[in-house]
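Using my numbering, read the sequence shown as starting at 24 and increasing by one per residue. We put the beta carbon where it would ideally sit given N, CA and C, even for glycine. For reference, the structure discussed in these notes is given below.
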Amino acid sequence: MSSKRALSRVIVILVQPVEHSRMTSQVHVLLCLLVLAPAVSGSSDHKGAAECLSSTFPESRSDFPLLLNCLGLVKEAVEVGVQAGVHAKNFLEGWHGQRLRLVDLWHQPSQATSDTNHFYVDIANIHGADVRRQHRAHCEARMEESLRLGRAEIVNKDSILAASEIQDGELDFVYLDARHDFTGVVDDIRAWWPKVRVGGIFAGHDFVDGEFPEGDFFWISALREVLPGIEQHTHVTRERNRFPSFFILKTEAVSSLVPREVDAEAIARALYTNRSRYFKLWQEVPDETHRDGGDQFLPTCRHLCGQDCDARLQEFTPTRTAGSTLRPFACGKEGRGLHADGIKEDGDISCGVEVSLDAEAYHSVCLDRCNVTCEQRTALFSTFGAFVQ
Ligand SMILES: *[C@@H]1O[C@H](CO)[C@@H](O)[C@H](O)[C@H]1NC(C)=O
Ligand SMILES: *[C@@H]1O[C@H](CO)[C@@H](O)[C@H](O)[C@H]1NC(C)=O
């Protein structure tokens, strides 16, 4: 659209002065047009994309709508990992597109899957059914108008199942913010990459690799393993003191990349044994204590994790945030309840409202997260002690 308009403007500018001039100029102009026309129409995506990437490069994930609007990606979008819909609502306010499908597993038909994945160190992985239900209620309340108008649609399904019900090339935009463990991310990339059309954008949150109080995140490694060569096409937003998002413009060239099949569990294990600070600690604990619930490991894990929290405090500035972003501690009975000073809860719905967050509360939430993730690390390392000497 915009490049066609640009082309006709070029024609007008070039043709007007020609009307009163000599034949040679006309030939010259024609030549110009001949050169211009195929160049512009043939690479219109590229040209528009380059312009949009420079004029609307997303500084933070809240800028994605501007980029998508600029690129004309305004039909179908999907967000995976919606929780209480805070990001989804902001997204829809800025995006001119038709429909955003919200994929999350708010209601699980059974509890069967809850304890099966030991490679999943993530505070988001301890939500009980109550918290999930609360999230969905808040999400529906927050998005009420969009849901009614059909601009938003709830898809209460596992990410991989939801992807399987969408056609390849159907989506303008996918934003993955569900799992961050290596195997989970690998599965998500393989499931969702083909769903994005050529010219569309494949994106995700928490584009980091490492061990954090919130969990062990593997987006960078997973992308590298599954889509080798994609690094040079991967853009990263520039948030400060927050985890960034990545995005990939699926150009013709990039779309020829096919996600590789990898032995995700073996690679995950190798990643931990090769470079995990916590696994190193675990290995330093005398053998007999490995099996008794991590009595020695837990305190050292908490200590190391607590140092990350201390370091963060140096960078922290008081802020306001949706209670649900303090997940799961601000939500419901199944969270631990957040009673730290400085968290001001309005009424009962601590999970959905905005709360102010001062340094002390921030630090205490961080330590809380360390408690959760250190317990998960204990469970994880007990399962593969046998593989590693
Ligand atoms: C782990 O380290 C070994 C030995 O250095 C190396 O061969 C392997 O590629 C590494 N694996 C990963 C996933 O980093
Ligand atoms: C974290 O665990 C330690 C040890 O069990 C406990 O003393 C502390 O109160 C816990 N912190 C929070 C915030 O639950």
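When the Cα atoms are used, what is the spatial distance from residue 257 to residue 194? 18 Å
Looking at the strands, I want to know which residues DSSP matches up with residue 380. 342
Minimum length 3: unbroken beta strand (DSSP E) runs contained in the segment 203–290: 219–227, 232–235, 238–241, 257–259, 269–272
Relative to the C-alpha of residue 182, which residue among 243, 100, 222, 214 is closest? 214
Do you know how far the Cα of residue 250 is from the Cα of residue 191? 17 Å
Does at least one heavy atom of ligand 1 sit under 7 Å from the Cβ of residue 294? yes
Between the segment 200–211 and the segment 164–172, do at least 3 Cβ pairs fall closer than 8 Å? no
Ignore the nearest five residues each way along the sequence and tell me which others in residue 124's own chain have a CB closer than 6 Å to its CB. 101, 176, 178
Report yes if the C-beta distance between residue 111 and residue 94 is below 8 Å; otherwise report no. no
Extent of the continuous alpha helix (DSSP H) run through residue 152: 152–165
From residue 406 to residue 83, what does the alpha carbon distance come to, in whole angstroms? 38 Å
Decide if residue 259 is buried, meaning its Cβ has at least 16 other Cβ atoms within 10 Å, or exposed. exposed
Would you say the beta carbon of residue 290 comes nearer than 7 Å to a heavy atom of ligand 1? yes
Pairwise C-alpha distance: residue 171 and residue 161: 15 Å
Please specify which runs of the beta strand (DSSP E), each continuous and at least 3 residues long, are wholly inside the segment 75–111, giving them in chain order. 99–103
Go through its chain and collect everything with a Cβ distance to residue 275's Cβ below 7 Å, but skip five positions before and after it. 221
Along the chain, where does the alpha helix (DSSP H) that runs through residue 300 open and close? 300–307
Extent of the continuous alpha helix (DSSP H) run through residue 199: Looking at the DSSP string, residue 199 is not in any alpha helix (DSSP H); the run it does join, the beta strand (DSSP E), is 194–199.
Output needed for residue 278: all residues of its chain with C-beta closer than 7 Å, excluding positions within five of it in sequence on either side, in chain order. 221
Count the other CB atoms within 10 Å of the CB of residue 268; is the residue buried (16 or more) or exposed (fewer)? buried
Based on the DSSP secondary-structure assignment, which residues constitute the bridge partners of residue 179? 127
Residue 145, DSSP secondary structure in three states: strand
Taking only the alpha-carbon atoms, compute the straight-line gap between residue 245 and residue 404 and give it to the nearest angstrom. 20 Å
For residue 335, which residues does DSSP report across the bridge? Looking at the DSSP assignment, residue 335 forms no beta bridge with any residue, so it has no partner.
Roughly how many angstroms lie between the CA atoms of residue 156 and residue 129, to the nearest whole one? 6 Å
How big is the Cα-Cα spacing for residue 88 and residue 109? 15 Å
How about residue 385 and residue 339: are their beta carbons less than 8 Å apart? yes
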